[in-house]
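J.: Pasting a structure below so you can have a look.
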Amino acid sequence: SRHTELPSIHSRRTARICADSVGLLGVLVLVGWSFDLATLKSVWPGLVAMKANSAVGFVLAGLSVRLWVADPARRWAPTASQVLASAVALLGLVTLVQELTGIRFGIDELLFSDPAGWIGATPPGRMAPTTAVAFGAVGLALLLLQRSRTFRLGEGLAVAAGLIGLMGVIGYAYQARELYGLATYYIPMALHTAVGFVILSPGVLLTRPDRG
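Residue numbering for the sequence shown is 3 to 214, as defined by the working numbering.
Now the structure itself:
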């Protein structure tokens with residue numbers, strides 16, 4: 003009936019808004035890196051810049067969510083969504099492997115090089131470990147939420163990514179670096195990266211408004 007369809011319609015509409023928001027965020031940051039616009043890279047002078055790889059991750063994740071809630075007539079969309087979700091998960095997991103093993107796969111500065119002395123530029127171009135964890139969680143969540151046997155795990159991963167972002171936002175609000183960066187690492191999460199995960203997390207959850 004129409005009444006049972008309305009929650010699904012509104013949920014998918016909200017998911018699209020979340021997806022478009024983080025996708026636009028990623029595009030703006032990439033424009034900032036392309037034209038060396040500090041405001042787009044770091045929001046405010048002196049704050050940490052969002053890495054180019056993080057911006058790419060948001061664009062891919064936004065597209066993945068957008069495609070999953072696309073018009074059902076587009077039969078290719080779910081498959082494309084899963085491919086993009088796999089890329090997001092791989093981006094986060096490969097970055098974590100680099101961080102834990104010291105091996106460099108050459109992805110950190112694949113698009114842009116960090117300027118000398120740039121805040122958060124050690125290792126150059128690498129996203130924060132917390133950011134990598136969140137992207138890994140988002141990518142895996144998008145893959146797992148669409149399967150009945152792994153739905154609950156996917157739901158938990160999506161919430162975890164949102165909580166990581168929320169902790170970052172609170173950390174910036176109260177100037178508590180421990181909440182947006184790990185004490186053993188120099189690389190902290192950028193403010194708009196944290197905001198991006200806060201927006202993206204509910205968008206991921208709402209790709210399946212019929213469960214959870």
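Built from N, CA and C at the ideal position, the CB exists for glycine as well.
1) Going by beta carbon distance, what residues of the same chain come within less than 8 Å of Q45, once the five residues before and after it are set aside?
2) For R14 versus P204, is the C-beta distance shorter than 9 Å?
3) Tell whether a beta-carbon distance below 9 Å holds between G127 and L144.
4) Would you call Q215 buried or exposed, if buried means 16 or more other Cβ atoms sit within 10 Å of its Cβ?
5) Give the range of the alpha helix (DSSP H) segment to which Q84 is assigned.
6) What three-state label does DSSP hand R15 in the structure shown?
7) Taking the beta carbon of R68 as the centre, do at least 16 other beta carbons fall within 10 Å, making it buried, or is it exposed?
8) Pick helix, strand or coil for S1, following the three-state DSSP scheme.
9) Can you tell me where the alpha helix (DSSP H) holding L168 begins and where it ends?
10) In whole angstroms, what separates the C-alpha of F153 from that of D110?
11) Anyone know if the C-beta pair for T209 and Q148 falls short of 9 Å?
12) Between T81, A91, I201 and L42, which has its C-alpha nearest V161's C-alpha?
13) Note the first and the last residue of the continuous alpha helix (DSSP H) segment covering T195.
14) May I ask which residues mark the beginning and end of the alpha helix (DSSP H) holding A134?
15) Quick check: what's the CA-CA separation for S83 versus G104?
T.: This is what the structure holds:
1) Mapped onto the sequence shown, residue 45 falls at position 43. Note that residue 45 is Val in the sequence shown, not Gln. Result list for V45: A192, L193 and H194, in chain order.
2) Taking the first residue of the sequence shown as position 1, residue 14 is located at position 12. Taking the first residue of the sequence shown as position 1, residue 204 is located at position 202. Contact: no.
3) As a working mapping, residue 127 is identified with position 125 in the sequence shown. As a working mapping, residue 144 is identified with position 142 in the sequence shown. Taking 9 Å as the Cβ cut-off, G127 and L144 do not qualify as a contacting pair.
4) The chain is shown only over 3 to 214; residue 215 falls outside these bounds and no answer can be derived.
5) Indexing the sequence shown from 1 puts residue 84 at position 82. Taken as a continuous stretch (DSSP letters only), the alpha helix (DSSP H) holding Q84 covers A79 to T103.
6) As a position in the sequence shown, residue 15 is number 13, starting the count at 1. Of the three classes helix, strand and coil, the one that applies to R15 here is helix, per DSSP.
7) If you number the sequence shown from 1, residue 68 lands on position 66. Classification for R68: buried.
8) Any question about residue 1 goes unanswered here, given that the chain covers just 3 to 214.
9) The residue given as residue 168 occupies position 166 in the sequence shown. F153 to A175 is the span of the alpha helix (DSSP H), which, as asked, contains L168.
10) For the purposes of this step, residue 153 is taken as residue 151 along the sequence shown, with counting starting at 1. For the purposes of this step, residue 110 is taken as residue 108 along the sequence shown, with counting starting at 1. Distance between the alpha carbons of F153 and D110: 32 Å.
11) Residue mapping note: residue 209 aligns to position 207 of the sequence shown, counting from 1. Residue mapping note: residue 148 aligns to position 146 of the sequence shown, counting from 1. The answer is yes: Cβ separation under 9 Å.
12) Counted from its first residue, the sequence shown places residue 161 at position 159. Looking at the Cα atoms, I201 is the closest of the given residues.
13) In the sequence shown, counting from the first residue as 1, residue 195 sits at position 193. T195 -> alpha helix (DSSP H) spans L193 to L207.
14) Locating residue 134 in the sequence shown gives position 132, where the first residue counts as 1. Note, A134: alpha helix (DSSP H), P131 to L146.
15) Taking the first residue of the sequence shown as position 1, residue 83 is located at position 81. Taking the first residue of the sequence shown as position 1, residue 104 is located at position 102. Going by the C-alpha atoms only, they are around 31 Å apart.
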